[in-house]
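There are 2 protein chains.
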Amino acid sequence: MRINSLTSVFILTTGLFLSLASPAVSSVNIYPAVKSNGVQDTIPNTLFTVGIGGGLIGGLYDGFYPYKLLKKHGDFGLGAPDKLDGEIMVFQGKVYKTQHTGKTIPVDDQDLTSFSMVNFFHADRTLTPPKGLNKTALFHYLDSVLTNVNGMYAIHVKGKFKMVKTRAFPPVKAHQHTPLAEMLNLQQFFNHQDCQGDLIGYRLPYFMDNTNISGYHFHYLSDQKDAGGHIIDLLTDDIVIEINTLDSYTILPPATKDFEHFDFKKNREEDIKSVERGGKN
Amino acid sequence: MRINSLTSVFILTTGLFLSLASPAVSSVNIYPAVKSNGVQDTIPNTLFTVGIGGGLIGGLYDGFYPYKLLKKHGDFGLGAPDKLDGEIMVFQGKVYKTQHTGKTIPVDDQDLTSFSMVNFFHADRTLTPPKGLNKTALFHYLDSVLTNVNGMYAIHVKGKFKMVKTRAFPPVKAHQHTPLAEMLNLQQFFNHQDCQGDLIGYRLPYFMDNTNISGYHFHYLSDQKDAGGHIIDLLTDDIVIEINTLDSYTILPPATKDFEHFDFKKNREEDIKSVERGGKN
Numbered sequence: 001m002r003i004n005s006l007t008s009v010f011i012l013t014t015g016l017f018l019s020l021a022s023p024a025v026s027s028v029n030i031y032p033a034v035k036s037n038g039v040q041d042t043i044p045n046t047l048f049t050v051g052i053g054g055g056l057i058g059g060l061y062d063g064f065y066p067y068k069l070l071k072k073h074g075d076f077g078l079g080a081p082d083k084l085d086g087e088i089m090v091f092q093g094k095v096y097k098t099q100h101t102g103k104t105i106p107v108d109d110q111d112l113t114s115f116s117m118v119n120f121f122h123a124d125r126t127l128t129p130p131k132g133l134n135k136t137a138l139f140h141y142l143d144s145v146l147t148n149v150n151g152m153y154a155i156h157v158k159g160k161f162k163m164v165k166t167r168a169f170p171p172v173k174a175h176q177h178t179p180l181a182e183m184l185n186l187q188q189f190f191n192h193q194d195c196q197g198d199l200i201g202y203r204l205p206y207f208m209d210n211t212n213i214s215g216y217h218f219h220y221l222s223d224q225k226d227a228g229g230h231i232i233d234l235l236t237d238d239i240v241i242e243i244n245t246l247d248s249y250t251i252l253p254p255a256t257k258d259f260e261h262f263d264f265k266k267n268r269e270e271d272i273k274s275v276e277r278g279g280k281n
Numbered sequence: 282m283r284i285n286s287l288t289s290v291f292i293l294t295t296g297l298f299l300s301l302a303s304p305a306v307s308s309v310n311i312y313p314a315v316k317s318n319g320v321q322d323t324i325p326n327t328l329f330t331v332g333i334g335g336g337l338i339g340g341l342y343d344g345f346y347p348y349k350l351l352k353k354h355g356d357f358g359l360g361a362p363d364k365l366d367g368e369i370m371v372f373q374g375k376v377y378k379t380q381h382t383g384k385t386i387p388v389d390d391q392d393l394t395s396f397s398m399v400n401f402f403h404a405d406r407t408l409t410p411p412k413g414l415n416k417t418a419l420f421h422y423l424d425s426v427l428t429n430v431n432g433m434y435a436i437h438v439k440g441k442f443k444m445v446k447t448r449a450f451p452p453v454k455a456h457q458h459t460p461l462a463e464m465l466n467l468q469q470f471f472n473h474q475d476c477q478g479d480l481i482g483y484r485l486p487y488f489m490d491n492t493n494i495s496g497y498h499f500h501y502l503s504d505q506k507d508a509g510g511h512i513i514d515l516l517t518d519d520i521v522i523e524i525n526t527l528d529s530y531t532i533l534p535p536a537t538k539d540f541e542h543f544d545f546k547k548n549r550e551e552d553i554k555s556v557e558r559g560g561k562n
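Protein chains in written order, with our numbering: chain A, 1 to 281; chain B, 282 to 562.
Here you go:
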């Protein structure tokens with residue numbers, strides 16, 4: 001009973017702190033950090049991104065940023081490896097790659113990513129949704145909770161799944177820049193039944209499109225760290241969802257010659273959507 | 282002679298350093314910070330932005346971020362005041378506002394901005410263009426030097442001008458959200474002849490549109506800090522241009538209720554261009 005009371009006080013206090021600290025639940029007009037401290041402005045909940053989403057979709061597959069540096073900007077996230085050799089998961093400070101063979105391995109600190117986003121994950125809300133949600137139902141459930149349509153959210157889903165379907169791309173050749181939407185037939189799919197693991201992902205607002213991918217975007221990593229990839233479909237069993245509301249984002253564009261000549265005026269909105277979904281519709 | 286030799290060595294050394302440090306002139310594929318130091322990744326040349334450009338253009342005029350905090354992220358930049366009451370210039374660590382009356386005043390640390398971008402200005406190149414350039418000719422000259430079309434550049438122009446034409450908007454009422462492109466007739470214009478001062482501005486790449494304004498964007502501040510505003514036209518006399526190549530950018534979206542419900546799916550590209558130019562064409 002004593003423990004329960006203390007826990008309640010802790011939860012209430014934490015809730016109060018969060019309602020002051022998070023723009024998503026704040027009704028004040030002034031940047032929240034000012035309220036608690038007239039000068040502090042550390043912007044703790046920031047999404048750090050290397051690469052430009054529209055560039056990756058359009059064929060900028062050359063890695064330019066080492067995971068060693070990426071990990072300094074976050075312990076949670078997802079991305080694409082150098083030469084598109086699979087899919088990247090950053091979880092609890094470690095970086096894993098699922099290749100097109102399905103093989104899932106830790107990546108070397110010196111290896112390079114062409115596009116990744118990470119944040120230091122601190123849950124500000126924990127949710128326990130009903131069982132048996134498919135991908136669409138899970139996203140609807142999350143939409144009902146994440147009411148700021150222009151908010152940025154890191155989302156960690158932990159637990160048991162009746163089914164998780166993932167995909168990974170095979171590597172491209174050096175200097176190959178075929179747009180990703182033209183290589184969807186090369187994707188390899190993996191169906192995991194009755195599995196246990198983590199979904200690592202984000203819901204990002206529409207204004208971040210082109211530099212990133214708006215809407216939901218998840219990668220999967222099994223508990224045993226022996227399976228993963230970009231989420232195509234799923235059916236939940238017992239899961240717990242943690243939300244980290246983000247306040248800001250930083251983008252570090254590629255430092256490559258190919259990037260300097262890349263045409264960003266081309267509209268790649270449909271390509272971005274079809275690549276995220278894993279197919280044209 | 283001795284001084285000249287030393288100066289040459291300094292210039293050569295600085296040039297070498299810059300060619301290693303700046304992605305814009307680097308031909309390597311790895312993020313430059315890695316080359317000099319395996320772990321350092323301070324990303325020194327970052328553009329810090331509060332607010333979303335498309336939001337300001339669409340009517341999000343309520344300030345939410347104090348200049349006191351803004352100055353912690355840069356000593357050079359431009360922006361819009363709370364309620365659109367003029368135009369903001371950040372120069373040598375101080376913040377000035379030119380109102381629609383033409384009055385130019387320092388702003389209070391506690392005042393709020395609805396949209397601003399700043400960086401700590403460190404010139405990596407200094408240029409001395411020919412005299413007598415109008416705005417179009419100046420931008421063509423800069424284009425011939427800033428060859429990375431997807432690069433981000435802070436640009437400081439210092440010197441004498443035969444003419445500088447600026448504009449400033451009058452303040453809106455509380456909670457007024459009329460789109461900026463529908464209020465172009467309220468702009469006040471100021472023609473300054475044979476004046477001396479600074480242009481504070483940026484050239485940003487196309488992929489930053491919607492969150493910011495791509496292309497050139499300059500504000501003016503007179504030497505006496507008694508005149509300024511958003512640049513509409515100009516004719517140069519004796520000027521020197523300093524370039525600061527930027528590596529990354531951070532965006533802090535507004536923490537306001539109005540922002541949470543703002544429709545970013547509407548295409549405001551033409552509105553953004555007409556507001557930057559000061560007219561429909």
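Glycine included, C-beta positions come from ideal geometry on N, C-alpha and C. As the structure is a computational prediction, the values presented were derived from the model and not from experiment.
Can you name, in chain order, every residue of its own chain whose Cβ lies under 8 Å from the Cβ of residue i, other than the five neighbours on each side?
i                  : result
Leu-180 of chain A : Leu-56, Ile-57, Gly-58, Gly-59, Leu-84, Phe-169, Asp-271 and Val-275
Asp-108 of chain A : Tyr-67
Leu-465 of chain B : Ser-555, Val-556, Gly-559, Gly-560 and Lys-561
Phe-298 of chain B : Here the model assigns Phe-298 of chain B a pLDDT of 34, short of 50, so the residue's position is not dependable, and the following value carries that caveat. Here the set comprises nothing.
If we call anything under 7 Å between Cβ atoms a contact, is residue i one with residue j?
i                  : j                  : result
Leu-480 of chain B : Val-438 of chain B : yes
Gly-334 of chain B : Ile-494 of chain B : yes
Gly-197 of chain A : Thr-104 of chain A : no
Asn-150 of chain A : Glu-541 of chain B : yes
Phe-264 of chain A : Phe-470 of chain B : no
Phe-161 of chain A : Asp-237 of chain A : yes
Lys-412 of chain B : Asp-514 of chain B : no
Glu-523 of chain B : Thr-407 of chain B : yes
Tyr-422 of chain B : Arg-484 of chain B : no
Leu-221 of chain A : Tyr-61 of chain A  : no
Closer than 9 Å by beta-carbon distance: list the chain A residues that pair up with residue i, in chain order.
i                  : result
Asp-528 of chain B : Leu-252, Pro-253 and Ala-255
Whose C-beta lies closer than 7 Å to the C-beta of residue i among residues of the same chain, with five residues either side of it excluded?
i                  : result
Val-118 of chain A : Phe-48, Leu-70, His-73, Gly-74, Phe-76, Gly-77 and Val-90
Thr-46 of chain A  : Asn-119, Leu-246, Asp-247, Ser-248, Tyr-249 and Thr-250
Lys-229 of chain B : Chain B is shown from 282 up to 562; residue 229 of chain B falls before or after that span and cannot be answered.
Asp-475 of chain B : Lys-443
Gln-391 of chain B : Pro-347 and Lys-349
Can you list, in chain order, the residues of its chain with a C-beta nearer than 6 Å to that of residue i? Leave out the 5 residues immediately preceding and following it.
i                  : result
Val-50 of chain A  : Tyr-65, Ser-116 and Leu-252
Gly-201 of chain A : Ile-155, His-217 and Phe-218
Asn-191 of chain A : Lys-165
Thr-379 of chain B : Gly-367, Glu-368, Thr-385, Ala-449, Gly-509 and Gly-510
Gly-79 of chain A  : Ile-88, Thr-113, Phe-115 and Ser-116
Val-521 of chain B : Thr-409, Lys-439 and Gly-440
Ser-27 of chain A  : Reliability of the predicted coordinates at Ser-27 of chain A is poor, the pLDDT of 31 falling under 50, and no value is obtained from them.
His-458 of chain B : Gly-340
Leu-235 of chain A : Asn-134, Lys-162 and Met-163
Can you tell me which of the three DSSP states residue i falls into?
i                  : result
Thr-141 of chain A : Before going on, a small fix: residue 141 of chain A reads as Tyr here, not Thr. Looking at Tyr-141 of chain A - three-state DSSP - the assignment turns out to be helix.
Arg-167 of chain A : strand
Asn-267 of chain A : coil
Ala-404 of chain B : coil
Ile-522 of chain B : strand
Thr-409 of chain B : coil
Val-95 of chain A  : strand
Lys-561 of chain B : coil
Asn-493 of chain B : strand
Val-275 of chain A : helix
Gly-509 of chain B : strand
Ile-57 of chain A  : helix
Asp-390 of chain B : coil
Ala-154 of chain A : strand
Thr-256 of chain A : coil
Leu-180 of chain A : helix
Thr-385 of chain B : strand
Asp-363 of chain B : helix
Thr-531 of chain B : strand
Asn-45 of chain A  : coil
Ser-27 of chain A  : Model confidence at Ser-27 of chain A stands at a pLDDT of 31, short of 50, so the residue's coordinates are unreliable; what they give is reported in the following sentence. Coil.
Lys-441 of chain B : strand
Met-502 of chain B : First, the residue type needs correcting, since residue 502 of chain B is Leu and not Met in the sequence shown. In this structure, Leu-502 of chain B counts as strand in the three-state DSSP scheme.
Glu-517 of chain B : Sequence inspection shows Thr at residue 517 of chain B; the Glu mentioned does not correspond to that position. Thr-517 of chain B falls in the strand class under three-state DSSP.
What residues from chain C crowd round residue i, counting only those whose CB sits closer than 7 Å?
i                  : result
Thr-492 of chain B : Checking the listed chains, one finds no chain C in this structure; the protein chains it contains are A and B.
Just the chain A side, please: which residues come within less than 8 Å of residue i by C-beta, in chain order?
i                  : result
Phe-224 of chain B : Within the shown structure, residues of chain B are numbered from 282 to 562, placing residue 224 of chain B beyond reach of any answer.
Ile-333 of chain B : Phe-207
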